[in-house]
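Trainee: Mind looking over this structure? Questions follow.
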Amino acid sequence: GNSVTQMEGPVTLSEEAFLTINCTYTATGYPSLFWYVQYPGEGLQLLLKATKADDKGSNKGFEATYRKETTSFHLEKGSVQVSDSAVYFCALSEDGTGGFKTIFGAGTRLFVKA
Amino acid sequence: KAGVTQTPRYLIKTRGQQVTLSCSPISGHRSVSWYQQTPGQGLQFLFEYFSETQRNKGNFPGRFSGRQFSNSRSEMNVSTLELGDSALYLCASRDTGKGNEKLFFGSGTQLSVL
Chain A
1 GNSVTQMEGP VTLSEEAFLT INCTYTATGY PSLFWYVQYP GEGLQLLLKA TKADDKGSNK
61 GFEATYRKET TSFHLEKGSV QVSDSAVYFC ALSEDGTGGF KTIFGAGTRL FVKA
Chain B
1 KAGVTQTPRY LIKTRGQQVT LSCSPISGHR SVSWYQQTPG QGLQFLFEYF SETQRNKGNF
61 PGRFSGRQFS NSRSEMNVST LELGDSALYL CASRDTGKGN EKLFFGSGTQ LSVL
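Chains A and B, in that order, are what the protein sequence lines are. Every letter in the first sequence is one number past the one before it in this note's numbering, and letter 6, counting from 1, is 6. Every letter in the second sequence is one number past the one before it in this note's numbering, and letter 29, counting from 1, is 29.
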């Protein structure tokens with residue numbers, strides 16, 4: 001079945017450092033890919049998405065490019081802030097005769113120090 | 001528009017009891033999905049409901065069940081609780097009318113089984 005693998009955390013960075021969180025996927029067909037973020041005590045919220053190969057999703061300074069050849073969707077940000085501290089989930093969606101489902105990676109916790 | 005509302009926010013139960021969790025989706029959203037979130041397993045898909053029908057189900061035992069009402073509100077039930085059922089249960093709704101894959105999450109119900 002389809003699956004998502006993302007780098008284990010926690011990741012600890014100083015403010016203004018460069019961020020990369022790796023994500024690879026296994027899927028039949030061409031699923032849409034997502035990054036969701038979870039702040040403490042809250043549910044997940046969509047950060048960005050890409051629906052086809054070579055698409056780049058971007059939001060709040062974060063970006064990720066759908067790479068079909070490497071089955072990857074790595075999250076990057078050029079300069080992190082303390083407020084970016086959260087758990088980040090890579091995900092893919094499948095919607096076929098079996099119904100709709102979003103499959104999530106295990107999540108990567110990011111700590112940003114001032 | 002009001003967001004996804006989950007009640008109660010916290011629950012403490014003992015082994016063998018049963019529990020019912022509630023989720024009110026965003027107005028107009030007809031799809032509701034449930035996830036179990038634990039530190040070790042990440043987010044695990046439980047099931048998805050659309051127009052009062054379960055369309056997709058994850059790999060959970062039959063003790064986990066759900067239903068959806070005509071107003072799209074959904075409930076999830078866990079019978080004969082086990083210690084391992086302690087988790088954050090997240091509900092997410094989706095606007096299927098636009099073929100949209102974006103999930104809107106509630107803040108979750110934190111279930112502790114003693």
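Quick reminder that beta carbons are idealized off the backbone N, C-alpha and C, glycines included.
1. Note down, one range per segment and in chain order, each beta strand (DSSP E) of at least 3 residues found wholly within the segment 38-72 of chain B.
2. Is there a Cβ from chain B that is less than 8 Å from the Cβ of K101 (chain A)?
3. Tell me, please, which residues DSSP counts as bridged to I26 (chain B).
4. Regarding G9 (chain A) and the ligand ZN, is the C-beta to nearest heavy atom distance less than 7 Å?
5. Can you list the beta strand (DSSP E) stretches of 3 or more residues lying completely in the segment 74-110 of chain B, in chain order?
6. Under 8 Å, Cβ to Cβ, is there at least one residue of chain A near E48 (chain B)?
7. Given 8 Å as the limit, is there contact between the segment 78-86 of chain A and the segment 10-30 of chain A, that is, 3 or more CB pairs closer than that?
8. May I have the straight-line CA-CA distance separating T53 (chain B) from R67 (chain B), to the nearest angstrom?
9. Check the Cβ of G28 (chain B) against every Cβ in chain A and list those closer than 9 Å, keeping chain order.
10. In the structure shown, what three-state DSSP assignment does D95 (chain A) receive?
11. Do you know offhand how far S70 (chain B)'s Cα is from T20 (chain B)'s?
12. Going by C-alpha distance, which of A:S58, A:N59, A:G41, A:E76 is nearest M7 (chain A)?
13. Taking the alpha carbon of L116 (chain A) as the reference point, which residue from A:K60, A:D95, A:G98 has its own alpha carbon closest?
14. Within 8 Å of any Cβ in chain A, is that where the Cβ of K102 (chain B) sits?
15. To the nearest angstrom, how far is the alpha carbon of K52 (chain A) from that of V37 (chain A)?
16. How would you list, in chain order, the residues of chain A whose beta-carbon sits under 7 Å from the beta-carbon of N77 (chain B)?
17. Would a check of beta-carbon distances place A106 (chain A) closer than 8 Å to chain B?
18. Can you tell me the Cα-Cα spacing of A92 (chain B) and A114 (chain A), whole angstroms?
Mentor: Based on what the coordinates show:
1. Unbroken beta strand (DSSP E) runs of no fewer than 3 residues, entirely contained in the segment 38-72 of chain B, are found at 42-50, 53-57, 64-68, following chain order.
2. Along the first sequence, one-based indexing puts residue 101 (chain A) at 101. Interface residue, yes.
3. The count along the second sequence starts at 1 and reaches residue 26 (chain B) at position 26. None, per the DSSP bridge assignment.
4. With respect to small molecules bound, the structure shown includes none, and the ligand ZN cannot be examined in it.
5. 74-78, 87-94
6. Your numbering for residue 48 (chain B) matches position 48 in the second sequence. It does; some Cβ of chain A falls within 8 Å.
7. yes
8. Translated into the one-based positions of the second sequence, residue 53 (chain B) becomes position 53. Translated into the one-based positions of the second sequence, residue 67 (chain B) becomes position 67. Spanning the two alpha carbons is a distance of roughly 8 Å.
9. Position 28 of the second sequence holds residue 28 (chain B). Correct list: empty, because the minimum Cβ distance to chain A is about 17 Å.
10. Position 95 of the first sequence, counting from 1, holds the residue named residue 95 (chain A). DSSP places D95 (chain A) in strand when its eight states are reduced to three.
11. By one-based count along the second sequence, residue 70 (chain B) stands at place 70. By one-based count along the second sequence, residue 20 (chain B) stands at place 20. Going by the C-alpha atoms only, they are around 18 Å apart.
12. The residue you call residue 7 (chain A) lines up with position 7 of the first sequence. Nearest option by C-alpha distance: A:E76.
13. With chain A represented from 1 up to 114, any question about residue 116 (chain A) goes unanswered, as that position is not in the structure.
14. Stepping through the second sequence from its first residue, residue 102 (chain B) is reached at position 102. By the rule that beta-carbons nearer than 8 Å mark a contact, K102 (chain B) touches chain A.
15. Counting from 1 along the first sequence, the entry for residue 52 (chain A) is found at position 52. Counting from 1 along the first sequence, the entry for residue 37 (chain A) is found at position 37. About 21 Å.
16. For the purposes of this step, residue 77 (chain B) is identified with residue 77 of the second sequence, where counting begins at 1. By Cβ distance, chain A contributes nothing, its closest Cβ being about 20 Å from N77 (chain B), past 7 Å.
17. Position 106 of the first sequence holds residue 106 (chain A). With 8 Å as the cut-off, A106 (chain A) counts as an interface residue toward chain B.
18. The residue labelled residue 92 (chain B) in the question sits at position 92 within the second sequence. The residue labelled residue 114 (chain A) in the question sits at position 114 within the first sequence. In a straight line, the C-alpha of A92 (chain B) is about 33 Å away from that of A114 (chain A).
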